[in-house]
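Asker: Numbering (the numbering used here), first residue to last: 76 to 196.
As structure tokens, this is what we get:
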């Protein structure tokens with residue numbers, strides 16, 4: 076049996092842009108993606124702490140060190156510039172893998188730069 080489990084969370088990032096005309100997805104500073112071990116095109120859940128919206132999309136890497144968090148296409152209808160969002164990635168684990176798994180949480184400052192990376196215990 077497999078379980079869908081939290082893999083990583085980028086906690087409390089600020090949306091830097093919302094571009095409705097883009098084809099879709101969310102663009103995130105590649106430094107943040109690497110810290111959370113999130114891969115290009117990976118499915119993500121975006122929880123908007125500013126308005127309560129929750130969506131599922133995929134990620135594109137943004138410029139390293141930029142702090143970029145850009146909602147694209149239809150996702151831009153769920154968050155505007157300045158909104159605070161949480162980015163969640165999940166993985167499918169077997170019972171055996173589940174016992175050893177510890178999710179990562181990436182904490183950021185007000186400019187979306189990494190403050191710390193912690194295990195989610």
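Note that the Cβ used here is the ideal one computed from N, Cα and C, for glycine as well.
Taking the straight line between their C-alpha atoms, what separation do you get for residue 179 and residue 192?
Answerer: 7 angstroms
Asker: So, does the segment 116–128 touch the segment 180–187, judging by three or more C-beta pairs under 8 angstroms?
Answerer: Remark: fewer than three beta-carbon pairs, one from each stretch, lie closer than 8 angstroms, so the segment 116–128 and the segment 180–187 are not flagged as touching.
Asker: Tell me the DSSP bridge mates of residue 103?
Answerer: 136 and 144
Asker: For residue 151, I'd like the list of residues in its chain whose CB is within less than 7 angstroms of its CB, leaving aside the five on either flank, ordered along the chain.
Answerer: 93, 94 and 95
Asker: Could you give the DSSP three-state label for residue 150: helix, strand or coil?
Answerer: helix
Asker: Suppose contacts are defined by Cβ-Cβ distances below 7 angstroms. Is residue 169 in contact with residue 79 by that definition?
Answerer: No; because the gap between Cβ atoms is not below 7 angstroms, this pair is not in contact.
Asker: At what residues does the alpha helix (DSSP H) containing residue 173 begin and finish?
Answerer: 170–173
Asker: Please work out which residues of its chain come closer than 7 angstroms, Cβ to Cβ, to residue 173, disregarding the five sequence neighbours upstream and downstream, and give them in chain order.
Answerer: 78 and 80
Asker: Under 8 angstroms Cβ to Cβ from residue 135, same chain only, skipping five residues before and after it: list those, please.
Answerer: 100, 101, 102, 103, 115, 116 and 147
Asker: If we call anything under 7 angstroms between Cβ atoms a contact, is residue 125 one with residue 159?
Answerer: Yes, the Cβ-Cβ distance between residue 125 and residue 159 is below 7 angstroms.
Asker: What separation, rounded to the nearest whole angstrom, lies between the Cα atoms of residue 182 and residue 161?
Answerer: Pairing residue 182 with residue 161, the inter-Cα distance amounts to about 10 angstroms.
Asker: What are the partner residues of residue 176, as DSSP defines its beta bridges?
Answerer: The partner list for residue 176 (beta bridge, DSSP) is empty, contrary to what the question assumes.
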